[in-house]
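Below is one structure, written out as structure tokens; comments come after it.
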Amino acid sequence: MNPGAQAGVWIPLDQLLALPLLAEPLACLWRELLRALPPAAVRERQALEQALQAHELRRVEALCEAGEIDTGLSRLEALAAGLDPTALAALLHRLMPGLHRRLVEQAGPSPAPELVADPLRAEQLWQADRWMRRLEALPCEKVHRQEVMAEQICRYAALAWMVQPGAVASARAITLLQRLLQLLPQARQWVVPAIRERLLQGVQALNHPESLADPQHLGVLLEACAAMGADPELPEPSRQALELAVFRGRAALDVWQNLERLSAPVP
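Just so you know, numbering that gives the first Met the number 0 puts the end of the sequence shown at 266, numbered straight through with nothing missing.
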């Protein structure tokens, strides 16, 4: 035996992948072996990488199912870039029912005000809606259950962000309300006034520098509302009110930006 050689045990690849160990210790073993593999071990490297990817996907599902939604979706963010569209769609199809159950079904048809106002839950709903939109853009079969979950997640997210403070919350509320118009056209009667109200709030904030108005977010709202005004199904009174709000918003934004330029220090 070569005195400088390390002692070791040889295990066939299929047995290595099927060792009866807990998931995390087994994944740690695979990672260590992956780092130690020589460049020529292409087949072994590919098998270990696939096994580790499958482990991470199962971990995302387990975290979300256990209610650790933030950690699970953070891991999903890191994994998504390395997944092909089919694998990502399959994972999201498995994840969405659990997210819907925890964020919508458990809240009930009339969530308590303190639950609606919870900023952590609002962020989770925003992320759930974001991944639902990602799923809708993937080449996969759409099912009725998915459409129902999409509408309910979006609606609960919109209600949550409508009561959050700040310009970012207003922008997110507008985005969700506009999406809700597409998913649930019959909600138009309360969605359109809600959009207009947030637009007017953004306009009024420009008149109060101490309120930390954000003209960039107001600009986003104005563009979104202007696009919504082109909706042929929008009732004429609502269209006129929206157009007036957009006009006032752009005028206020122009004045604000001109004042900013005039008050900028001369170099």
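Note that beta-carbon positions come from the ideal geometry of N, C-alpha and C, so glycine has one too. Please read all numbers here as calculations on a predicted model, not as lab measurements.
Supposed close pair residue i, residue j - CB separation, criterion 8 Å
i	j	result
A316	L176	Outside the displayed span of the chain (0 to 266) sits residue 316, for which this structure offers no information.
I68	Q123	5 Å
C153	D128	5 Å
A193	M161	6 Å
Residue i, DSSP secondary structure in three states
i	result
A116	coil
D253	helix
G107	coil
L183	coil
E140	coil
V191	helix
V265	Because the pLDDT of V265 is 48, which lies under 50, any placement of that residue in the model is unreliable, and the question is left without a value.
F246	helix
P84	helix
P234	coil
E67	coil
Q239	helix
Q163	coil
P96	helix
A170	helix
Beta-carbon spacing of residue i, residue j below 8 Å
i	j	result
L102	R120	yes
Q200	S169	yes
E150	L198	no
V191	L221	no
Through-space distance from residue j to residue i, alpha-carbon basis
i	j	result
G81	R100	27 Å
P138	G107	32 Å
P164	R42	53 Å
V115	V167	17 Å
A86	V254	50 Å
E146	L243	34 Å
K141	L56	22 Å
L180	T70	30 Å
L91	A65	16 Å
M131	Q188	25 Å
A251	A225	15 Å
R195	P96	32 Å
A136	P234	29 Å
R133	A53	20 Å
R144	N257	50 Å
M148	R247	36 Å
D83	Q45	16 Å
R93	A240	42 Å
P110	A79	32 Å
E113	E104	16 Å
V59	A88	14 Å
M0	P38	Confidence at M0 is low in this model, with a pLDDT of 36, below 50, so the placement of that residue should be treated as unreliable; the coordinate-derived value is given next. C-alpha separation (whole angstroms): 25 Å.
C63	L72	8 Å
G218	R249	8 Å
E76	Y155	22 Å
R238	A61	46 Å
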